[in-house]
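Accompanying notes for the structure given below.
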């Protein structure tokens, strides 16, 4: 077959299919004589460093949570951000081999040298830092790396909605809450290292189908005769049962960084993902943002562990009994998808009696959580107060045992109260320990 | 379009075919097909349907010879074997339905197919599919062993739109030249057209060639579909995809050139019930298509023999039963024979009925 390799540009310019729709660009063809046009990839606007400057006065502009736009702190000028609120429709990706491979290398190892567009100064930044302020001219810049490809840029984020000025009040209010903390906490006003930072998160979707098989017990009351007396007892009949449950999981969140406390992060959750907007570097102007350091594969391992625990609970619930033994199950994941997003959090610290405590504020919902010192004498006193009624009543019962029946009643009610007191004490102790934990 | 000439009953105008022997064009009054036959004499019956009388008749035929031929791959020995397998299992098989006789009667039969050369110049659009794999998991839990996780890889296709221009030349794209092309192929099975060779006049020696009933104009829609399919496949390759769907092309088909390809078959026949039944064999794969009749004569004879046997047994039984009045054990044998006679009598018509019901399902029209 001999091919005619003429210039095809003069051909068929009048037919309906031509020219290609907007957004199509030529791509390499593997057959001579055939031209191929494909939808052009979106311009990688994020490859370069964005510097945000006021178009009126040239000062550094920042994203303002109150006005939801870029504002200039010097002249008050504002600029709209053209991002779309997409909520949970924000782009998601499949677990392709390619994505897993790319995500394994994260943001690369090397530090990147950036040249400030405003003053020309070269500044080195760590690879997982997405924003920086030029140390020389103070301009706000946002940069995302090219090393990891399109998918591994944040695809969406929730913009800060809580203003920085509200933080001292919010934190003070939170510090003043609860009886087990020193009353002087109310007076702590100074917050140190107060930073508004967009933290990396992975979200995971999956359809889980779990098949379970187990011996399930049903209780039965049995009558029997003992020493000529008719008595009853509860026996359990075991039967093999099986079932299938479907657990759809939508947007399960797993933190993408090890540098913040997971315990505190969970306490400031949840985030309302319906407020997700498509990623736009403008939201990061003047704020700190961090790239992920937990790769997709590791985060997904964690996500899967959470999901299968969920499936296991669903299977146990499906058995319809509290007596289950020889339980086994198989979990099939399907339609798995992931996305990489940034969520707004304020991180701060405060000092109390020469110790530093961490505190975190949800930048979207203003929920506060963190470490709080515990006034241990108060806690021990409370525990004592919980245990003493039972102990006293029991002791009283012992003393009055000589009188007869009344003493037995005292001992029994004392024992019950003591057990209840123990449970209460355990809860209080747990709360107190968690309150100081990181 | 290539030159078309009215070919008279003799083949003098077909000099370029370089025929090994003189050939005659005949037309069948029964099936309506025209054929090119070896020799100068007109046979009694159509070489294809074997039913109608044929007459010399001028026909429109291209002057240039066929360009390519798919060679015969089935030898007479191989044909005997496939016919043996094909005729096996027919009850009351007619004497003539016999592989040796069928092979002896078989002659080569060429089915024409158009070969189109063209240059396609235009634009195209399609969805191109790219294969990729995703990683999924299957986890198992048991109270004893805890969790075990297994990675599963799933194949998926990502569809993306592509559009482009094309300027490609396609040579020898096959397209039907007969109205009953697909019906014939349904009977004979697919041919591997990649096996074709250049036309050599000797191949026609002693063979019959069917004359096209679709001229290039009538054959064009199917030819164009075949060309578009090839273009679609090349556009898929050009895009680097693994699949293509929704292929649309708007093009000019320039420099159209039509020639013929001949594909091989054998025609043979047998006679039964006073009719001639044609049998067609794919010359490349050996697939056989034809009616497999049961011999009514054989079936009727069997039925008659059984009937006579029944009557004889019945009569013998009757006589023995009568004798039973004198010699009682004879009555028992007589009774048994009477019953056997009746049973044989009841089954006697069965072979005739079976053959009749088998044959009535077979119609000659179905094979023409």
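Residue numbers (my numbering), protein chains in the order written: chain A, 1 to 438; chain B, 1 to 368. Where is the CB? At the ideal position from N, CA and C, for every residue including glycine.
For this session: State the CB to CB distance for the pair residue 40/B and residue 22/B, rounded to an integer number of angstroms; the pair is presumed to be in contact (CB under 8 Å).
Result: The sequence position of residue 40/B within the second chain is 40, counting from 1. The sequence position of residue 22/B within the second chain is 22, counting from 1. At roughly 5 Å, the Cβ-Cβ gap stays under 8 Å, so residue 40/B and residue 22/B are in contact.
Problem set entry | CB-CB length for residue 83/A against residue 365/A, believed under 8 Å | Looking up residue 83/A in the first chain gives position 83. Looking up residue 365/A in the first chain gives position 365. Not quite, the Cβ-Cβ distance comes to about 20 Å (not below 8 Å), so this is no contact.
For this session: From the DSSP output, in three-state form, read off residue 437/A for me.
Result: Start at 1 with the first residue of the first chain, and residue 437/A comes out as number 437. Three-state result, residue 437/A: coil.
Exercise. Are the beta-carbon atoms of residue 170/B and residue 117/B separated by less than 9 Å?
Worked result: By 1-based counting over the second chain, the position of residue 170/B is 170. By 1-based counting over the second chain, the position of residue 117/B is 117. The answer is yes: Cβ separation under 9 Å.
Problem set entry | Cross-chain neighbours of residue 306/A in chain B, by beta carbon under 7 Å | Within the first chain, residue 306/A is the residue found at index 306, counting from 1. The premise fails here: residue 306/A is roughly 12 Å from chain B at the closest Cβ pair, so nothing lies under 7 Å.
Exercise. Short check: CB of residue 286/B to CB of residue 73/B, under 9 Å?
Worked result: Looking up residue 286/B in the second chain gives position 286. Looking up residue 73/B in the second chain gives position 73. Taking 9 Å as the Cβ cut-off, residue 286/B and residue 73/B qualify as a contacting pair.
For this session: Output yes or no for whether 9 Å exceeds the beta carbon distance between residue 29/B and residue 53/B.
Result: Reading the second chain from its first residue, position 29 is the one you call residue 29/B. Reading the second chain from its first residue, position 53 is the one you call residue 53/B. Yes, Cβ-Cβ distance for residue 29/B and residue 53/B is below 9 Å.
Exercise. Taking just the CA atoms, how far does residue 172/B sit from residue 124/B?
Worked result: Taking the first residue of the second chain as 1, we reach residue 124/B at position 124. Taking the first residue of the second chain as 1, we reach residue 172/B at position 172. Across the structure, residue 124/B and residue 172/B are spaced so that their CA atoms are roughly 22 Å apart.
Exercise. Comparing the C-beta of residue 136/B with each C-beta of chain A, is any distance below 9 Å?
Worked result: One-based indexing of the second chain puts residue 136/B at position 136. Judged by the 9 Å Cβ criterion, residue 136/B is in contact with chain A.
For this session: Look at the alpha carbon of residue 103/A and the alpha carbon of residue 289/A, and state the distance between them as a whole number of angstroms.
Result: Your numbering for residue 103/A matches position 103 in the first chain. Your numbering for residue 289/A matches position 289 in the first chain. C-alpha separation (whole angstroms): 18 Å.
Problem set entry | Distance between beta carbons of residue 142/B and residue 333/A, contact taken as under 8 Å | On the first chain, residue 333/A is found 333 positions in, with the first residue counted as 1. On the second chain, residue 142/B is found 142 positions in, with the first residue counted as 1. Between residue 142/B and residue 333/A the Cβ distance is about 18 Å, and since that is not below 8 Å, they are no contact.
Problem set entry | Own chain residues within Cβ distance below 6 Å of residue 204/A, not counting five before or after | Taking the first chain and counting its residues from 1, the one referred to as residue 204/A is at position 204. The answer, listed in chain order, is 252, 303 and 338.
Problem set entry | Residues from the region 321–350 of chain A in contact with chain B, defined by Cβ distance under 8 Å | 325, 326, 327, 328, 329, 330, 331, 332, 333, 334 and 336
For this session: Check the DSSP bridge columns for residue 250/B and list the partner residues they point to.
Result: Your numbering for residue 250/B matches position 250 in the second chain. Residue 250/B pairs with 123/B.
Exercise. Can you name the residues of chain A whose CB is closer than 7 Å to the CB of residue 238/B?
Worked result: Taking the first residue of the second chain as 1, we reach residue 238/B at position 238. Those are 29, 30, 31, 34 and 36, listed as they occur along chain A.
Exercise. What's the C-alpha gap between residue 181/B and residue 279/B?
Worked result: Mapped onto the second chain, residue 181/B falls at position 181. Mapped onto the second chain, residue 279/B falls at position 279. Near 17 Å, if we compare the C-alpha coordinates of residue 279/B and residue 181/B.
Exercise. Where does residue 332/B land, buried or exposed, given buried means 16+ other C-beta within 10 angstroms?
Worked result: Within the second chain, the letter at position 332 stands for residue 332/B. Exposed is the call here.
For this session: Select from the region 68–97 of chain A all residues with a C-beta closer than 9 Å to any C-beta belonging to chain B, and list them in chain order.
Result: 94, 95, 96 and 97
Exercise. In chain order, which continuous runs of the alpha helix (DSSP H) of length 4 or greater are located wholly inside the region 166–218 of chain A?
Worked result: 167–175
For this session: Could you please tell me which residues of the region 118–152 of chain B, in chain order, have their CB closer than 8 Å to any CB of chain A?
Result: 119, 121, 122, 123, 124, 125, 132, 133, 134, 135, 136, 137, 138, 139, 140, 141, 142, 143, 147 and 149
Exercise. Can you name the residues of chain B whose CB is closer than 7 Å to the CB of residue 100/A?
Worked result: Locating residue 100/A in the first chain gives position 100, counting from the first residue. Residues of chain B passing the Cβ test: 135.
Exercise. Under 8 Å Cβ-Cβ, which residues of chain B neighbour residue 39/A?
Worked result: The sequence position of residue 39/A within the first chain is 39, counting from 1. Near residue 39/A (Cβ distances below 8 Å), the residues of chain B are 160 and 161.
Problem set entry | Same chain only: Cβ atoms within 6 Å of residue 367/A, ignoring 5 sequence neighbours per side | For the purposes of this step, residue 367/A is taken as residue 367 along the first chain, with counting starting at 1. So the list reads 268, once near-sequence residues are dropped.
Problem set entry | Cβ-based burial, residue 149/A [other Cβ within 10 Å; buried from 16] | Residue numbering aside, residue 149/A sits at position 149 when the first chain is read from its first letter. For residue 149/A, the predicted structure reports a pLDDT of 47, less than 50, and the residue's modelled location is therefore unreliable. The matter cannot be settled from this model.
For this session: Keeping to the same chain, check which residues put their C-beta closer than 6 Å to that of residue 424/A; ignore five residues upstream and five downstream.
Result: Counting from one through the first chain, the residue named residue 424/A turns up at place 424. Closer than 6 Å at Cβ, skipping near neighbours: 386.
Exercise. Is the region 79–88 of chain B in contact with the region 246–257 of chain B, if contact means three or more CB pairs nearer than 8 Å?
Worked result: no
For this session: Would you mind sorting residue 108/B into buried or exposed? The rule is 16 or more other CB atoms within 10 Å of its CB.
Result: For the purposes of this step, residue 108/B is identified with residue 108 of the second chain, where counting begins at 1. Looking at its Cβ environment, which holds 16 or more other Cβ atoms inside 10 Å, residue 108/B is buried.
For this session: Select from 330/A, 373/A, 155/A and 352/A the residue whose C-alpha is nearest the C-alpha of residue 280/A.
Result: Indexing the first chain from 1 puts residue 280/A at position 280. Comparing Cα positions, the closest option is 155/A.
For this session: For residue 350/B, count neighbouring Cβ atoms within 10 angstroms of its own Cβ and tell me buried if that reaches 16, exposed if not.
Result: Taking the first residue of the second chain as 1, we reach residue 350/B at position 350. Looking at its Cβ environment, which holds fewer than 16 other Cβ atoms inside 10 Å, residue 350/B is exposed.
Exercise. How about residue 190/B and residue 291/B: are their beta carbons less than 9 Å apart?
Worked result: The sequence position of residue 190/B within the second chain is 190, counting from 1. The sequence position of residue 291/B within the second chain is 291, counting from 1. Contact: no.
Exercise. To the nearest angstrom, how far is it from the Cα of residue 108/A to the Cα of residue 291/A?
Worked result: As a first step, residue 108/A must be located in the first chain, where it is residue number 108. As a first step, residue 291/A must be located in the first chain, where it is residue number 291. Summary for residue 108/A: the model assigns pLDDT 41, below 50, so the residue's position carries little reliability, and this model does not support an answer.
Exercise. So which of 259/B, 122/B and 101/B has the shortest CA-CA distance to residue 61/B?
Worked result: The count along the second chain starts at 1 and reaches residue 61/B at position 61. The shortest C-alpha separation from residue 61/B is found at 259/B.
Problem set entry | Status (buried if at least 16 other CB within 10 Å, exposed otherwise) for residue 225/B | By 1-based counting over the second chain, the position of residue 225/B is 225. It is exposed - the Cβ of residue 225/B has fewer than 16 other Cβ atoms within 10 Å.
For this session: Find out if the Cβ-Cβ distance for the pair residue 110/B, residue 298/B is shorter than 9 Å.
Result: As a working note, residue 110/B is residue 110 in the second chain. As a working note, residue 298/B is residue 298 in the second chain. In this structure, residue 298/B does not lie closer than 9 Å to residue 110/B by Cβ.
For this session: With residue 392/A as the anchor, note down where its beta strand (DSSP E) starts and where it stops.
Result: As a working mapping, residue 392/A is identified with position 392 in the first chain. In this chain, residue 392/A is not harboured by any beta strand (DSSP E); it is covered by the alpha helix (DSSP H) spanning 376–399.
Exercise. When the distance is taken between beta carbons, is residue 276/A closer than 9 Å to residue 341/A?
Worked result: As a first step, residue 341/A is located in the first chain; it is residue number 341 there, counting from the start. As a first step, residue 276/A is located in the first chain; it is residue number 276 there, counting from the start. Contact flag set, yes.
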